[in-house]
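*Asks:* Got a structure for you, written out below as structure tokens; questions coming shortly.
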Amino acid sequence: MGQTDIDKAFFKLARSERNELEITDVNANYLQRGQLRHMVIPESALWIDTGTPDSLVAASLAIQQHTRDQASEIGYLEIAAFRRGYLRRDEILRLADHAPSDVYARRLRLAAERGE
């Protein structure tokens with residue numbers, strides 16, 4: 001079995017001061033070879049590093065607060081697909097009928113009703 005490009009890039013890395021392999025070094029390697037594709041993340045995007053157990057908990061709490069305060073739909077893949085035209089209204093309503101929780105089902109139905 002052959003190595004992937006990412007495997008090869010990791011073998012060339014030196015450990016950081018934290019004694020870890022850094023993903024930014026992999027990105028720099030791809031950039032140097034002209035193989036890095038990217039997109040600009042809008043300033044409104046919520047970006048949270050979750051590299052440690054504490055930062056994962058902090059991210060969870062931040063997402064909870066953001067979702068509550070902004071009426072945001074973080075994690076509602078069906079709504080994202082509906083907004084982009086990958087799901088029709090009848091399809092999202094059918095998914096709501098089989099949603100894992102009543103709260104989730106209500107949010108899917110609300111998105112369908114609003115035409116989000």
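Counting in my numbering, the sequence shown runs from 1 upward without gaps. All C-beta atoms in this analysis are idealised placements derived from N, C-alpha and C, irrespective of residue type, glycine included.
(1) Using C-beta distances below 8 Å, list every residue in its chain close to Tyr76, excluding the 5 sequence neighbours before and after it, in chain order.
(2) Can you give me the C-alpha to C-alpha distance between Gln32 and Glu20, rounded to a whole angstrom?
(3) Which first and last residues belong to the alpha helix (DSSP H) in which Leu108 is found?
(4) With a cut-off of 7 Å, does the C-beta of Ala81 fall near any C-beta of chain C?
(5) Within its chain, find whatever has a CB closer than 6 Å to the CB of Ala59; leave out the 5 residues flanking it on each side and keep chain order.
*Replies:* Taking the definition as stated:
(1) Tyr104, Arg107, Leu108 and Ala111
(2) 21 Å
(3) Asp102 to Arg114
(4) Looking at the structure shown, chain C is missing, and only one protein chain is on hand.
(5) Ile48 and Thr50
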